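Okay, so here's the structure we're looking at.
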Amino acid sequence: MRPDCSNVALTNRISKKSRLIPRVLSARLGVCLALCVLFISLCGPSTGSGLGAVEPKGSGSSSDQTSPGTASGTPSAADTSKPLQEALDRELGITNSPPKGTNAPVQLILAPRPLLEPVNTNNLEDVLSRELKRLATAERRERMVPGSLTNSIAQTNATAQTNGPVFDVKGYELTGNTLLPPDVPPLVLQPYIVTNATFATIRQALADLQKVYSDRGFKTVIVNLPQQTLSNGIVKIQVVEGTVSEINVVGNHHFSSNNVMRALPSLHTNMILNSYLVQSELDRANANQDRQIYPQIEPGADPGTTDLRLQVKDRFPLHTKIELNNQNSPGTPDLRLNGSAVYDNLWQLEHSVGVQYSFSPEDYKTGKQWSFYDEPLVANYSTFYRMPLGNPSSVAEVVAQNVGNFGYDEATRRFNLPPPSGQPELNVYASRSTIDTGVESLLNKLILDTGTNSLRRQDFQQELTVNNDLGSRLTLPLWSRGDFHSTISGGLDYKEYQLSSYKTNIFTLQTIEVDNINGQTQYITNRSTNFSAVPTTIRPLNYVPLSLHLDAGLRDSLGNTAFGLGLSVNSWFSGTVSNLHNVIGSSRASGYWAIVTPSLSRDFVLYTNWTLSTRLDGQLSSEPLPSNEQFGAGGVASVRGYHEGESFGDDGYHAGVELKTPAHVVGFVNAKQGLSIRGSVYMDYARVFVIDPPHSTPLWSTGFGAVASVGARWEARFLFSVPLISTVMTPRDELYFNFAISAQF
184 MRPDCSNVAL TNRISKKSRL IPRVLSARLG VCLALCVLFI SLCGPSTGSG
234 LGAVEPKGSG SSSDQTSPGT ASGTPSAADT SKPLQEALDR ELGITNSPPK
284 GTNAPVQLIL APRPLLEPVN TNNLEDVLSR ELKRLATAER RERMVPGSLT
334 NSIAQTNATA QTNGPVFDVK GYELTGNTLL PPDVPPLVLQ PYIVTNATFA
384 TIRQALADLQ KVYSDRGFKT VIVNLPQQTL SNGIVKIQVV EGTVSEINVV
434 GNHHFSSNNV MRALPSLHTN MILNSYLVQS ELDRANANQD RQIYPQIEPG
484 ADPGTTDLRL QVKDRFPLHT KIELNNQNSP GTPDLRLNGS AVYDNLWQLE
534 HSVGVQYSFS PEDYKTGKQW SFYDEPLVAN YSTFYRMPLG NPSSVAEVVA
584 QNVGNFGYDE ATRRFNLPPP SGQPELNVYA SRSTIDTGVE SLLNKLILDT
634 GTNSLRRQDF QQELTVNNDL GSRLTLPLWS RGDFHSTISG GLDYKEYQLS
684 SYKTNIFTLQ TIEVDNINGQ TQYITNRSTN FSAVPTTIRP LNYVPLSLHL
734 DAGLRDSLGN TAFGLGLSVN SWFSGTVSNL HNVIGSSRAS GYWAIVTPSL
784 SRDFVLYTNW TLSTRLDGQL SSEPLPSNEQ FGAGGVASVR GYHEGESFGD
834 DGYHAGVELK TPAHVVGFVN AKQGLSIRGS VYMDYARVFV IDPPHSTPLW
884 STGFGAVASV GARWEARFLF SVPLISTVMT PRDELYFNFA ISAQF
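Sequential numbering of the sequence shown, starting at 184, is according to the numbering used here.
Now the structure itself:
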């Protein structure tokens, strides 16, 4: 049987290894002691004054003497601290005096402790932990100052090619830093603690530290070298954190200096400017197209201070707009003339007030009971007052650029507020609309015809609708971060609705008699007309709905997304339930309805600035609604190719897609104003649903359009649409033309 020798061999190996352990430990201990002595001799305390920055390499102590003219051309250290100091001053441009006082914070930065001990099974975990920490530090340094390690290596490699002095840099002493965390300066400066430093090495170290301040937004911080001697290898770095000593507002004419300073609430004297914070407030303040602020940083009267000059370019904050279009509702005149005006800086607090008036210039109401502004067959007008809450901010640019896009909407029969300004605000508004359909023929029917006798019935109707609305909205900004923003608004409305119907039935009886006079046959026609007036019906309804609306928007690299969700609940109505049923036309209405209105839109920015716009919106109600609260379909803002608000329903939805071309400048009206044109193709679809009696009406169209503009003042819009579904008012496949010509000042 073969003996097992494995245990014997293992015992012999262990015995030999155990005899080697003391020898290995002794050798390693000797190496460690030698390295420690060398490290202490290099980093030990200097006998100089303590103000030295760098030490010439290979020069020994300051008292050693070496022969002149070494091979590298490096001057000796003996009696050369003054020439080297002068060279360092010239090379690095040192002009600042040492920091005054003794309160400036001082941080000493030395090289990290090297890995001296050998690796074995006992300390492997500690060594790996330190190595991972070192790698994490290097990675953080690279993120903070990209290329810092490459820069330090490049400076080291360039040493062999320089004829200038070469120094030992054993550390850096940083004075005056209060902005950077204590662990940040070592990350920046440790790569430049080298034994063969040059002027370029120190210059690069200062540049990297300056970049760290700049990347954090501290543009007024200056990193430099104070006057110092060269003795112990510790480089002194001075940080001057410049504060704002004075803020001057100049160039403003229509906005006061207090108004400008309120727009930038973080600015004050004795602060250290942070460009990121200031720029964020500046972007918000400059959203006001009437007031543009341009900051300029200038040297202050005292060392280490700066003056901030706010150059303002402003204009009178009154904007007006006038527009002629043919956006008409069914049964009303074709043309509309709209005018609006907005003033955006009441009381120097950026409160806004606006008025709007729209009417049909072709036909006017009959009777003397109307005021001159109510005399057109269609007339609506409104006003609003916007009061920012808290620190005032700019009114959004979209409000000033679209001063006509607020007020009573004839298609939806509701008041539209200007877009929110992005801060807490309170809006109070009022609107009134009077629409007279004129005399309309409802029926023309031949009831009886015997050849000699006939009876014809004609029904004529005239309806007058009056809508009054008084309401308020409180708007609050919600969570915003980066390119995402959201707001919530809510408020009450007091609405008055009254429909007056005047109807007349006309009966015409015609008889034909045959008579023979003097041998000639003659036909004698007798006609009698009977007017039967139907009693006037007046259906009034007052109610108070409570509204809540959430809006959110997101901008990304591909375009913009907007989302909205509204809720309206009616809390009270006037009159009896039977009157409510007559107004609404349904016995299923309780008067306490709830309405949900979601919306979603997305704009895709395509190649070469083409834009693809998609939109989806709708309404869902709990019961039959009065016509003012129904969902309207048709019109320029809905399904193009139909009249404004051609179909209404308690529920409904609308979807649209449009492809827009980039704007092309095709000519110049004068030396400064170009004529630009932008085209589009589109398709729209909508369907409305009536709860009682249940039925639905679809609308569908396609077409193309163009927008021509001259500067920012003149604009013309043209739409050529083809309805794809017939309605009572609009035939299918017949070209429908819309236009709008506007001027803004």
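Just so you know, even glycine gets a beta-carbon here, dropped at the ideal spot from N, CA and C. The structure displayed is predicted, hence computed values, not measured ones.
Spell out whether any CB of chain C is found under 8 Å from the CB atom of residue i.
| i | result |
| --- | --- |
| V561 | Chain labels in this structure do not include chain C; a single protein chain is all it has. |
Report the three-state DSSP secondary structure of residue i (helix, strand or coil).
| i | result |
| --- | --- |
| P368 | helix |
| M444 | helix |
| A816 | strand |
| T880 | strand |
| Y775 | coil |
| E829 | coil |
| N853 | coil |
| T744 | strand |
| I455 | coil |
| I376 | coil |
| K394 | helix |
| A468 | helix |
| I874 | coil |
| D473 | coil |
| S821 | coil |
| A343 | In this prediction, A343 has a pLDDT of 45, which is less than 50 and means its spatial position is unreliable; what the coordinates show is noted afterwards. Note: A343 maps to helix in three-state DSSP. |
| S769 | coil |
So if DSSP puts residue i in a beta bridge, which residue, or which two residues, is it bridged to?
| i | result |
| --- | --- |
| V760 | Note: V760 sits in no beta bridge, so no partner. |
| N407 | Q421 |
| F567 | G537 and Y612 |
| S512 | BP columns for S512 are empty, so no partner. |
| P906 | S884 |
| I480 | L491 |
| R798 | S784 and G839 |
| M866 | V840 and T885 |
| Y726 | K678 and F756 |
| F714 | I689 |
| Q387 | DSSP lists no partner for Q387. |
Should residue i go down as buried or exposed, given a rule of 16 or more other Cβ atoms within 10 Å for buried?
| i | result |
| --- | --- |
| I630 | exposed |
| Y612 | buried |
| F382 | buried |
| S909 | exposed |
| F438 | buried |
| K855 | exposed |
| I721 | exposed |
| G634 | exposed |
| T658 | buried |
| L661 | exposed |
| E696 | exposed |
| R710 | exposed |
| Y556 | exposed |
| F756 | buried |
| S512 | buried |
Measure from the alpha carbon of residue i to the alpha carbon of each residue in the options, then state which is nearest.
| i | options | result |
| --- | --- | --- |
| L789 | S773, N743 and G824 | N743 |
| Y919 | G359, L733 and Q510 | Q510 |
| F931 | I385, L659 and G862 | Coverage of the chain is limited to positions 184 through 928, which leaves residue 931 absent and any answer about it impossible. |
| S614 | N379, P486 and S655 | S655 |
| L363 | D786, V422 and G537 | V422 |
| L1006 | G818, N701 and F831 | No statement about residue 1006 is possible, as the shown extent of the chain runs from 184 to 928 and does not include it. |
| G815 | L799, G835, R798 and S804 | G835 |
| E558 | P478, T549 and R861 | T549 |
| L748 | Y526, D833 and T780 | T780 |
| Y396 | G359, M866, S543 and Q539 | G359 |
| D391 | A895, I924, P369 and Q411 | P369 |
| A294 | P365, V377, D366 and L357 | V377 |
| V649 | V622, N701, N636 and L724 | L724 |
| Y677 | V536, D619, P881 and S754 | S754 |
| Y825 | L372, T617 and L902 | L902 |
| G538 | Q552, N563 and S554 | Residue 538 is actually Val in this sequence, not Gly. Taking only the C-alpha atoms, the option nearest V538 is N563. |
| P876 | G768, G828, A838 and S863 | G768 |
When you compare the CB positions of residue i and residue j, do they come within less than 8 Å of one another, or not?
| i | j | result |
| --- | --- | --- |
| G425 | G487 | yes |
| L795 | L842 | yes |
| S669 | S663 | yes |
| L491 | L450 | yes |
| N521 | S541 | yes |
| S821 | D867 | yes |
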